[in-house]
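Working notes, beginning with the structure itself.
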Amino acid sequence: MARFNKLSSIFLALMLVNISHAHAESTAKVDLSASLVDGSCAIELSEKSLDFKPYSVTDFPTAKTTVEIQPITAKVSCEGGNTTPLLSLKGITPYSGNNKVFLDGAPNGTGFMIQRKIKTRGLNDFYNDDALENQGKQVTLTPLNSSNQFSSTEYFEIGLVSVENTVTPDFLKANITFTVLFQ
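If you use mature numbering (1 follows the signal peptide of the UniProt record, and there is no 0), the sequence shown corresponds to residues -24 to -1, 1 to 159, in order.
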């Protein structure tokens, strides 16, 4: 579930007080208060979970092998003004020195890698340094403004990859949080 760093509602309170009639004069007082925010923003993923088909350890002959890629989209929208959303990921990356392969549990030589879909990648070129990092560099998404009605669809790919030359059988799972900050 995404987390947001903008307020999502506007509050306006009016209070009329101290209305009195004194002699021929009358006075009225009003206290006004308001909170101004840029508007409400949201991220919605096309899928809440992805299931990859079963593979044999022999399907991973070497490190940096990708056996399956699945797409996922994120619809990012804002109301109330121009903003440039920034994406960051949070999950478990259990491999020492590698914060791009996500896996809950003990390392078994495999995991999940996320790429922003800027170009079409095949199984042979999916595993690369362009992958998104766990709690790493924020990725600038499409700026939201009136020309795109303050909404954009961002495309990502998630690959099942091997990290090491030796892979052991296991059930693979990774919980990854997509966090979008709106500036």
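Note that the Cβ used here is the ideal one computed from N, Cα and C, for glycine as well.
In or out: residue i buried (at least 16 other Cβ within 10 Å) or exposed?
i: threonine 129; result: exposed
i: glycine 87; result: buried
i: asparagine 84; result: buried
i: isoleucine 94; result: exposed
i: glycine 67; result: buried
i: glycine 81; result: exposed
i: phenylalanine 158; result: buried
i: phenylalanine 147; result: exposed
i: threonine 42; result: buried
i: threonine 59; result: buried
With a threshold of 8 Å between beta carbons, is residue i in contact with chain B?
i: phenylalanine 126; result: Going by chain labels, chain B is absent from the structure shown, which holds only one protein chain.
Looking only at its chain, what residues have a beta carbon closer than 8 Å to the beta carbon of residue i, apart from the 5 residues adjacent to it on each side?
i: threonine 142; result: Gly85
i: phenylalanine 102; result: Thr42, Ile45, Met89, Gln91, Glu133, Gly135, Val137
Can you tell me where the beta strand (DSSP E) holding residue i begins and where it ends?
i: alanine 107; result: Alanine 107 -> no beta strand (DSSP E), and no H or E assigned at all.
i: glutamate 140; result: Where glutamate 140 is concerned, there is no enclosing beta strand (DSSP E), given that its DSSP letter is neither H nor E.
i: phenylalanine 158; result: 153 to 158
i: alanine 18; result: 17 to 21
i: lysine 95; result: No beta strand (DSSP E) holds lysine 95; DSSP gives it neither H nor E.
i: threonine 42; result: 42 to 54
Using the Cα positions of residue i and residue j, report the straight-line distance between them to the nearest angstrom.
i: leucine 62; j: asparagine 74; result: 22 Å
i: asparagine 104; j: valine 156; result: 23 Å
i: cysteine 54; j: leucine 120; result: 7 Å
i: threonine 153; j: glycine 57; result: 25 Å
i: lysine 149; j: valine 77; result: 12 Å
i: threonine 38; j: lysine 51; result: 35 Å
i: leucine 21; j: threonine 69; result: 21 Å
i: tyrosine 71; j: serine 123; result: 42 Å
i: valine 139; j: leucine 79; result: 11 Å
i: isoleucine 19; j: threonine 96; result: 23 Å
Specify the secondary structure class of residue i as computed by DSSP and reduced to three states.
i: serine 122; result: helix
i: threonine 60; result: coil
i: phenylalanine 147; result: coil
i: threonine 129; result: strand
i: threonine 69; result: coil
i: threonine 38; result: coil
i: valine 115; result: strand
i: aspartate 101; result: coil
If you drop the 5 nearest sequence neighbours on each side, which residues of the same chain put their C-beta closer than 6 Å to that of residue i?
i: glycine 98; result: none
i: glutamine 46; result: Leu26, Ile134
i: glutamate 109; result: Asn75, Lys76
i: glutamate 23; result: Ile48
Using C-beta distances below 7 Å, list every residue in its chain close to residue i, excluding the 5 sequence neighbours before and after it, in chain order.
i: aspartate 106; result: Gln91
i: proline 145; result: Val33
i: asparagine 100; result: none
i: asparagine 151; result: Gly67, Asp80
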